[in-house]
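I have placed the structure first, in the form of structure tokens, so that the comments after it can refer back to it.
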Amino acid sequence: MKIRTLLALSLLYLLLPLGLFFGGWLQPAVSFAALLSTIASVAMGYRRLQPEGQLPPAPLWWLLIPAVGWAALSGAGEWVLQVGDWEKHNLVLHDLIVRPWPVRYAEGDGFYLCYYIAFYLVPALAGKLAGIRAALLVCFGWTTLGLWLSFAWLYILGRRNAWLPVCFMLSGNLLWLVKAPQGLLALFNGQGLANAWRGNGHFLNALVPAGSVPLTFDSAAAGLLWIPQHQLGIWVAMGIWGAAWTGQISRKWVIPAGLALPFWSTVASIGFLPWLLFLFLKNPKVQKTETITALACLPALLILGAYFQGHMPLNQSGFFYAGVSAEKALIFLLLTWGIYYVFVRKQTMLTFYTFPFAGWTALCLITGGSIYISNVNDFGNRFALATLWVVWLGSWEFAFFGKKGRTVMWIVLLLSTQYAAKILLLVPGGQYQRVSVLPSSRLSEIGSRWPDLARYNATGDRVLANQYMGRSESFFARYLLPPDIKK
131 MKIRTLLALS LLYLLLPLGL FFGGWLQPAV SFAALLSTIA SVAMGYRRLQ PEGQLPPAPL
191 WWLLIPAVGW AALSGAGEWV LQVGDWEKHN LVLHDLIVRP WPVRYAEGDG FYLCYYIAFY
251 LVPALAGKLA GIRAALLVCF GWTTLGLWLS FAWLYILGRR NAWLPVCFML SGNLLWLVKA
311 PQGLLALFNG QGLANAWRGN GHFLNALVPA GSVPLTFDSA AAGLLWIPQH QLGIWVAMGI
371 WGAAWTGQIS RKWVIPAGLA LPFWSTVASI GFLPWLLFLF LKNPKVQKTE TITALACLPA
431 LLILGAYFQG HMPLNQSGFF YAGVSAEKAL IFLLLTWGIY YVFVRKQTML TFYTFPFAGW
491 TALCLITGGS IYISNVNDFG NRFALATLWV VWLGSWEFAF FGKKGRTVMW IVLLLSTQYA
551 AKILLLVPGG QYQRVSVLPS SRLSEIGSRW PDLARYNATG DRVLANQYMG RSESFFARYL
611 LPPDIKK
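Each position in the sequence shown, counted from 1, maps to that position plus 130 in the working numbering.
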């Protein structure tokens with residue numbers, strides 16, 4: 131396989147859901163313009179890519195094994211017991227399957243489905259064509275493909291070391307330095323291994339405001355359990371970014387990748403913007419093809435902006451009502467960035483830890499850790515995804531290839547893997563043998579045993595339903611949605 135082929139597959143993975151959205155959710159004229167914009171952003175210049183050397187196929191195919199394993203453990207396809215957020219994932223997927231596109235609601239305040247639906251659209255299309263079981267199988271395959279593409283880019287950027295992508299999934303956020311002492315005390319006090327692993331969040335919660343969630347997940351693998359719709363898109367896009375940073379592909383290909391990201395995760399795409407800017411600051415001279423590519427993306431971006439602008443607010447004070455919390459940012463910065471930087475510095479191939487790069491990383495992390503939205507800190511653990519990708523890749527590269535201080539880095543990284551390893555054994559409630567618990571058929575039971583989004587919307591459950599609803603008076607609903615043929 132060539133890098134050109136991997137790039138094409140990655141762009142297809144990121145942009146295919148966007149194409150389905152533009153083709154199935156918009157008025158015909160708007161749909162045509164949006165699709166033309168998306169295709170133009172990719173088509174121009176693709177054939178002019180410089181020929182590259184052949185990538186060895188064996189390691190790339192070997193990476194399918196961890197991709198399949200982590201996809202199954204994530205809950206995609208209902209092979210294992212799913213974590214709590216899959217209840218919401220399944221609600222979105224259910225309505226995308228059983229309701230006509232664009233998904234609209236006559237009940238309650240919400241009018242149209244407004245969420246990061248890129249992760250769900252391909253499985254939903256399979257469900258429309260072949261039923262619920264097909265949707266589950268394609269959801270599993272779609273997750274596997276996203277992981278494999280992410281691993282393939284990590285393999286290329288990690289000096290073609292096939293173990294580095296596997297280790298990447300075990301990357302911890304170093305909050306274990308706060309959690310681990312309490313867990314060890316629980317173990318020594320005879321509370322058992324399960325309590326040592328699951329009962330260690332109290333001390334951490336004392337450091338952040340009440341009602342918040344941690345600034346980021348325990349590990350890369352744990353994030354995949356809860357927010358695959360945010361994480362997969364940013365990982366594939368950052369792989370393209372890393373190849374552009376190292377000069378293996380033209381940086382113009384990062385632009386269409388960035389076009390797709392808001393549809394995968396608006397907040398994660400905001401966290402991607404500093405790295406897109408930093409890539410162009412490396413060489414400020416903008417090429418003509420880069421300008422044309424960026425201009426070609428504008429119509430599609432404006433349509434996406436209108437789509438999300440119609441989202442129903444979750445509170446009376448607007449989106450950013452909870453403001454800024456500086457103390458959380460300092461904890462995030464010190465435990466996630468500072469310790470890695472002490473040991474890594476300038477050792478990695480990507481030169482992530484030159485002083486300007488390190489300063490940029492710190493700025494991104496402290497921003498993500500500071501802004502506090504709604505009653506949970508979901509902003510931080512999504513905004514930071516791009517920056518954590520940089521930190522984790524650089525750290526594992528140093529662990530494999532560095533010289534000075536490499537032993538210490540291995541100790542730090544291996545200690546942090548305990549919170550990634552626990553998902554192999556424990557269900558979310560803390561019971562043992564997560565993979566042995568028979569999974570529930572949540573997707574097939576929605577509408578019978580479990581209420582669907584329309585029911586939540588009609589009963590006025592704003593906490594849940596409004597996360598997924600767009601307003602009927604919004605610009606998108608009034609001018610871009612096609613007429614409702616049922617009326």
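Yeah, the Cβ is synthetic: ideal placement off N, Cα and C, and Gly gets one too. Keep in mind it's a predicted model, so treat the numbers as computed, not measured.
Contact check, residue i vs residue j, beta carbons under 8 Å
i, j, result
"Trp375", "Leu409", "yes"
"Ala282", "Val268", "no"
"Ile364", "Ala373", "no"
"Leu583", "Leu266", "no"
"Ala170", "Ala426", "yes"
"Ala387", "Ile370", "yes"
"Phe249", "Ser602", "no"
"Gln359", "Gly353", "no"
"Asp225", "Val213", "no"
"Ala607", "Gly440", "yes"
"Trp405", "Ala516", "yes"
"Trp620", "Met299", "The requested residue 620 is not part of the displayed model; the chain covers only 131 to 617."
"Leu279", "Ser140", "yes"
"Leu223", "Pro253", "yes"
"Phe152", "Ala138", "no"
"Met442", "Gly600", "yes"
"Met131", "Leu190", "yes"
Bridge partners - residue i, DSSP secondary structure assignment
i, result
"Gly377", "In the DSSP output, where bridge partners are listed per residue, Gly377 has none listed."
"Met599", "Leu243"
"Arg263", "For Arg263, which the question treats as bridged, DSSP gives no partner whatsoever."
"His441", "Gly600"
"Arg234", "Tyr242"
Nearest residue (CA-CA) to residue i, options the options
i, options, result
"Phe438", "Trp394, Glu527, Thr537, Pro295", "Trp394"
"Arg290", "Tyr143, Leu141, Glu527", "Glu527"
"Thr419", "Cys297, Pro613, Ile385", "Ile385"
"Leu573", "Tyr143, Ile262, Phe605, Tyr246", "Ile262"
"Leu144", "Lys218, Leu251, Leu193, His224", "Leu251"
"Ser349", "Cys297, Thr396, Leu156", "Cys297"
"Trp155", "Pro196, Ile247, Met131", "Ile247"
"Lys218", "Thr168, Ser204, Trp356", "Trp356"
"Trp522", "Leu142, Gly205, Leu284", "Leu284"
"Gly401", "Asn511, Leu294, Val416", "Asn511"
"Val172", "Val228, Leu142, Leu611, Ile133", "Leu142"
"Gln417", "Leu403, Leu391, Arg381", "Arg381"
"Ala390", "Phe531, Pro429, Pro612, Phe530", "Pro429"
"Thr423", "Leu277, Leu166, Leu146", "Leu166"
"Leu611", "Trp209, Pro196, Trp231, Ala351", "Trp231"
"Leu277", "Val366, Ser301, Leu146", "Val366"
"Leu544", "Phe531, Leu403, Ser301", "Ser301"
Rounded distance between the beta-carbons of residue j and residue i, thought under 8 Å
i, j, result
"Cys244", "Tyr609", "That pair is no contact at about 15 Å."
"Ala292", "Trp192", "6 Å"
"Leu148", "Thr135", "About 21 Å; that fails the 8 Å criterion."
"Gly205", "Trp216", "5 Å"
"Ile286", "Ile133", "7 Å"
Please confirm if the region 269-287 is in contact with the region 186-201, defined as three or more CB-CB distances below 8 Å between the two stretches. yes
Quick one: any contact between the region 152-171 and the region 425-434, if contact means 3 or more CB pairs under 8 Å? yes
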